[in-house]
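Enquirer: Have a look at this one before I ask anything.
2 protein chains.
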Amino acid sequence: MQRNTRQREAIRQVLHESGRPLSTQEVLEAAQEKVPGLGIATVYRTLNSLLEDKQISAVELPGETPRYEVAGKHHHHHFHCTVCGKVFEIENCPGDLERLAPPGFKAERHEIVLYGRCPDCPSA
Amino acid sequence: MQRNTRQREAIRQVLHESGRPLSTQEVLEAAQEKVPGLGIATVYRTLNSLLEDKQISAVELPGETPRYEVAGKHHHHHFHCTVCGKVFEIENCPGDLERLAPPGFKAERHEIVLYGRCPDCPSA
DNA sequence: TCTTATTTGATAATGAGATATCATTTTTGT
DNA sequence: ACAAAAATGATATCTCATTATCAAATAAGA
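Those protein sequence lines, which keep their order, are chains B and U.
Position 25 of the first sequence, counted from 1, bears residue number 25 in our numbering, the numbering being contiguous throughout.
Heads up, our numbering is the position in the second sequence plus 124, with the first residue counted as 1.
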């Protein structure tokens, strides 16, 4: 049975309000604004539950802990700020990258990650 | 002082002979063909040493343990077989993906990973 | 060949992220 | 409001990949 708890609702909201994928820690900190005292275990449990429900999806990045975003978005990619570590969504996609696969290889899917500075992290 | 040991040489050879990036475990198994009894600690130590020397470079993939390849190759990307888990090199690159970054973002670098089946893993 | 500092291999220790445990709190249907 | 089931929070535990430890083996210069 699934119950509507303040914690679960706060975590869902945090993910919906954020314009970008969040790490477990980011979810914890943001959700604690809404529900003080919320524990990290609840964040893990709730994220896993939302994943099972397909309400959110995991964003895996090289050498990074997973980020989570609301599910159902159309095909997109991500920008990883090398300064602050935040991950952002990228709308555009060059498309049809599967053709890059060498003969004999059958590509079914692709991922692109851009690395650089986000607007909040100026070079100066 | 750096010494030329059979172990170090075997590990270097394995990486040069392999046409694709290898995980620590893959390096261990391949190098043990040349030097039976070679231990995992030596693999880790040697890979780190080769990394410092810039003789090899690490390939980070989402949710995966790093792979290692000989350094100095020109810009390229990787194919990750979803069946056997092996990682392969892709020569081609669509180039200039940095332009996909939204306004205000300064992309400096990009990574592409293709997912699918390698020639050794037929769909059937 | 000898000497000595380095490297090795086995394995214990570490570290980080994630999960399990369990007493307490909270939902929710009645 | 009550009772029963489920969720929470604190924290212990687990799971790995990787690193540290240290006695034994081994390069490599004298």
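By construction, the Cβ of each residue, glycine as well, lies at the ideal position given by its N, Cα and C atoms.
Values in this document were obtained by computation on a predicted structure and should not be read as measured data.
Does the Cβ of A165/U have 16 or more other Cβ atoms within 10 Å, making it buried, or fewer, making it exposed?
Expert: As a first step, residue 165/U is located in the second sequence; it is residue number 41 there, counting from the start. Flag for A165/U reads exposed.
Enquirer: Could you pull out every unbroken beta strand (DSSP E) segment of at least 3 residues lying fully inside the stretch 58 to 82 of chain B, listed in chain order?
Expert: Qualifying beta strand (DSSP E) stretches, in chain order: 67 to 70, 77 to 81.
Enquirer: Report yes or no: is there a C-beta of chain U within less than 9 Å of the C-beta of G116/B?
Expert: One-based indexing of the first sequence puts residue 116/B at position 116. Taking Cβ atoms only, chain U reaches closer than 9 Å to G116/B, which makes this a yes.
Enquirer: Going along the chain, which unbroken runs of the alpha helix (DSSP H) with 4 or more residues stay wholly within the stretch 18 to 60 of chain B?
Expert: Entirely contained in the stretch 18 to 60 of chain B, the alpha helix (DSSP H) runs reaching 4 residues are, in chain order, 24 to 34, 40 to 52.
Enquirer: Determine whether the Cβ of P186/U lies closer than 9 Å to any Cβ atom of chain B.
Expert: The count along the second sequence starts at 1 and reaches residue 186/U at position 62. Chain B, which has a Cβ nearer than 9 Å to the Cβ of P186/U, makes this yes.
Enquirer: Apart from the five residues on each side of it in sequence, which residues of its chain come closer than 6 Å, Cβ to Cβ, to L50/B?
Expert: Translated into positions along the first sequence, residue 50/B becomes position 50. Contacts found: I56.
Enquirer: Note the first and the last residue of the continuous beta strand (DSSP E) segment covering A231/U.
Expert: Here the question's residue 231/U lines up with position 107 in the second sequence. Per DSSP, A231/U belongs to the beta strand (DSSP E) from 230 to 241.
Enquirer: Note down, in chain order, every chain U residue with its Cβ under 7 Å from the Cβ of N92/B.
Expert: Counted from its first residue, the first sequence places residue 92/B at position 92. Near N92/B (Cβ distances below 7 Å), the residues of chain U are L224.
Enquirer: Does DSSP classify E134/B as helix, strand or coil?
Expert: Examination of residue 134/B is not possible in this model, given that chain B is present from 1 through 124 alone.
Enquirer: Nearest-angstrom Cα distance between R144/U and E215/U?
Expert: Position 20 of the second sequence holds residue 144/U. Position 91 of the second sequence holds residue 215/U. When rounded, the distance between both Cα atoms is 12 Å.
Enquirer: Quick one: grab the DSSP three-state call for A10/B.
Expert: Counting from one through the first sequence, the residue named residue 10/B turns up at place 10. Helix at A10/B.
Enquirer: Check whether the stretch 101 to 121 of chain B touches the stretch 81 to 90 of chain B, taking contact to mean three or more Cβ pairs, one atom from each stretch, closer than 8 Å.
Expert: At 8 Å Cβ cutoff, the stretches touch.
Enquirer: Would the stretch 57 to 72 of chain B count as touching the stretch 14 to 33 of chain B if we require 3 or more Cβ pairs under 8 Å?
Expert: Yes, they touch.
Enquirer: Anything in chain B within Cβ reach of A231/U, meaning under 8 Å, just list it in chain order.
Expert: Numbered from 1 along the second sequence, position 107 holds the residue referred to as residue 231/U. Result: F79, L114, Y115, G116.
Enquirer: Can you pull the chain U neighbours of G85/B, defined as C-beta to C-beta under 8 Å?
Expert: Within the first sequence, residue 85/B is the residue found at index 85, counting from 1. None at all; the shortest Cβ gap to chain U is about 14 Å.
Enquirer: My guess is that P62/B and E232/U are in contact by the Cβ rule of under 8 Å, so how many angstroms apart are they, rounded?
Expert: If you number the first sequence from 1, residue 62/B lands on position 62. If you number the second sequence from 1, residue 232/U lands on position 108. Not really, about 15 Å apart at Cβ, beyond 8 Å.
Enquirer: Closer than 9 Å, CB to CB, is L171/U near chain B or not?
Expert: Against the second sequence, residue 171/U aligns to sequence position 47. L171/U does not count as touching chain B.
Enquirer: Applying a beta-carbon distance threshold of less than 7 Å, which residues of chain B neighbour G228/U?
Expert: The residue labelled residue 228/U in the question sits at position 104 within the second sequence. P119, listed in chain order.
Enquirer: Buried or exposed: which applies to C84/B, given that a residue is buried once 16 or more other Cβ atoms fall within 10 Å of its Cβ?
Expert: Taking the first sequence and counting its residues from 1, the one referred to as residue 84/B is at position 84. C84/B comes out exposed.
Enquirer: Spatial neighbours of A71/B within its chain, please: CB distance less than 7 Å, with the 5 preceding and 5 following residues excluded, ordered by chain position.
Expert: Position 71 of the first sequence, counted from the start, is the residue given in the question as residue 71/B. Cβ within range, chain order: K54, Q55, I56, S57.
Enquirer: Run the CB neighbour count on E150/U, radius 10 Å, all protein chains shown included, and call it buried at 16 or more, exposed below.
Expert: Taking the second sequence and counting its residues from 1, one reaches residue 150/U at position 26. Buried.
Enquirer: Please name the residue, chosen from L100/B, F79/B, E98/B, that lies closest to A225/U on a Cα-to-Cα basis.
Expert: In the second sequence, counting from the first residue as 1, residue 225/U sits at position 101. Of L100/B, F79/B, E98/B, the residue nearest in Cα terms is F79/B.
Enquirer: Let me see if you follow: with CB-CB separation under 9 Å, is S57/B close to chain U or not?
Expert: On the first sequence, residue 57/B is found 57 positions in, with the first residue counted as 1. Answer no: the Cβ-Cβ gap between S57/B and chain U never drops below 9 Å.
Enquirer: Please report the straight-line C-alpha distance between G37/B and Q13/B, rounded to a whole angstrom.
Expert: By one-based count along the first sequence, residue 37/B stands at place 37. By one-based count along the first sequence, residue 13/B stands at place 13. Roughly 17 Å separates the two Cα atoms.
Enquirer: Does P145/U have its Cβ less than 9 Å from a Cβ in chain B?
Expert: In the second sequence, residue 145/U corresponds to position 21, counting from 1. With 9 Å as the cut-off, P145/U does not count as an interface residue toward chain B.
Enquirer: Of the residues K210/U, L221/U, H200/U, Q126/U, which one's Cα is nearest the Cα of T169/U?
Expert: Numbered from its first residue, the second sequence carries residue 169/U at position 45. The residue asked about is misnamed: residue 169/U is Arg in this sequence, not Thr. Among K210/U, L221/U, H200/U, Q126/U, the Cα nearest to that of R169/U is on Q126/U.
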